[in-house]
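A.B. asks: Its first residue numbered 674, the sequence shown is counted upward by one per residue in our numbering.
Glycine included, each C-beta is placed from N, C-alpha and C at the ideal position.
A single structure is presented below for examination.
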Amino acid sequence: MRPLERRSPLVLVLGAALAAAACGGPQAAPAATPGEAAHAEASAAPSAAACLAAASAKRQARADEPSRIGVKHVLVRYAGADRAEGATRTREEACLRAMEARDKIRGGADFDEVVAQYSEEAGAASRGGSLGTVERADVLPPFADAAFELDLHQLSDVVETRYGFHVIFRTE
């Protein structure tokens with residue numbers, strides 16, 4: 674039998690945080706000594722990388738999907754995205770901000786309040802992020818793939834389109 678490998682507590686904590694981030698789970702910041710803090714800061718980029726990977730994950734169409742669904746969403750834009758005039762945040766920052774909005778909703782925050790606080794789509798706050806009912810052809814493929822895989826009253830993970838990062842909620 675092979676002896677167990679010993680790893681530092683920081684490696685174990687950071688590994689667990691990265692695994693949680695990759696799965697879209699909550700992330701807890703580990704307590705670190707000053708020397709470990711620099712190492713932990715250098716590891717912040719992988720959580721952005723995990724967010725980006727989750728946001729661009731391939732999704733499968735459901736065999737039993739309806740032709741139309743009702744959806745609401747939060748949109749976080751970044752510099753360089755389509756229709757993102759004036760946006761200054763990076764793509765990575767926008768992904769993490771969308772993940773933060775998603776986590777607030779998962780934690781029980783009111784969807785409309787999160788839209789008002791996070792969404793950067795014109796008029797989103799006044800309509801609670803609602804897009805009404807849509808068909809697949811009405812929205813971009815990554816948005817459609819994520820939205821149409823949801824069950825009624827289910828929240829998506831972060832999804833990227835050319836307009837930025839979305840968190841989608843199926844209403845009907």
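(1) According to DSSP, is Val832 helix, strand or coil?
(2) As an exercise, report each continuous alpha helix (DSSP H) stretch of at least 4 residues that is fully enclosed by the segment 756-822, in chain order.
(3) Would you be able to state if there are at least three C-beta pairs under 8 Å between the segment 825-843 and the segment 753-763?
(4) Please return the same chain residues whose Cβ sits closer than 7 Å to the Cβ of Arg894, not counting the five positions on each side in sequence.
(5) For a test of the three-state rule: what should DSSP assign to Leu748, helix, strand or coil?
(6) Measure the alpha-carbon distance for Gln827 versus Arg843 and round it to whole angstroms.
(7) Taking only the alpha-carbon atoms, compute the straight-line gap between Arg762 and Val840 and give it to the nearest angstrom.
(8) Just the C-alpha distance for Ala727 and Arg741, rounded to the nearest angstrom, thanks.
(9) Which residue wins for smallest C-alpha separation from Ser720, given the options Asp737, His746, Ala767, Leu813?
(10) Select from Glu794, Glu808, Ile778 the residue whose C-alpha is nearest the C-alpha of Arg750.
(11) Work out the CA separation of Gly743 and Val831 for me, nearest whole Å.
(12) Around the Cβ of Ala771, are there at least 16 other Cβ atoms within 10 angstroms (buried) or fewer (exposed)?
(13) For Ala718 and Glu738, I'd like the C-alpha separation in whole angstroms.
(14) In chain order, what residues of the same chain have a beta carbon less than 6 Å from the beta carbon of Gly780, not counting five sequence neighbours either side?
C.D. replies: By the coordinates alone:
(1) The count along the sequence shown starts at 1 and reaches residue 832 at position 159. In the structure shown, Val832 sits in a strand (DSSP, three-state: E or B).
(2) 764-779, 784-791, 814-821
(3) yes
(4) The displayed coordinates of the chain run from 674 to 845. Any statement about residue 894 would go beyond what the structure contains.
(5) As a working note, residue 748 is residue 75 in the sequence shown. In the structure shown, Leu748 sits in a strand (DSSP, three-state: E or B).
(6) The residue given as residue 827 occupies position 154 in the sequence shown. The residue given as residue 843 occupies position 170 in the sequence shown. Using only the alpha carbons, I get a separation of about 6 Å.
(7) By one-based count along the sequence shown, residue 762 stands at place 89. By one-based count along the sequence shown, residue 840 stands at place 167. Taking the straight line from one Cα to the other gives about 18 Å.
(8) Here residue 727 is taken as the residue at index 54 of the sequence shown, counted from 1. Here residue 741 is taken as the residue at index 68 of the sequence shown, counted from 1. Computed Cα separation, rounded: 25 Å.
(9) Position 47 of the sequence shown, counting from 1, holds the residue named residue 720. Taking only the C-alpha atoms, the option nearest Ser720 is Ala767.
(10) Residue mapping note: residue 750 aligns to position 77 of the sequence shown, counting from 1. Comparing Cα positions, the closest option is Glu794.
(11) On the sequence shown, position 158 is the one that residue 831 refers to. On the sequence shown, position 70 is the one that residue 743 refers to. Cα-Cα distance, rounded: 18 Å.
(12) Within the sequence shown, residue 771 is the residue found at index 98, counting from 1. Burial call: buried.
(13) To locate residue 718, count along the sequence shown from 1; it is residue 45. To locate residue 738, count along the sequence shown from 1; it is residue 65. Any reading at Ala718 needs caution, since the residue's pLDDT is 47, under 50, leaving its predicted position unreliable; the model's value is listed next. Using only the alpha carbons, I get a separation of about 36 Å.
(14) For this step, residue 780 is matched to residue 107 along the sequence shown. Nothing meets the Cβ criterion.
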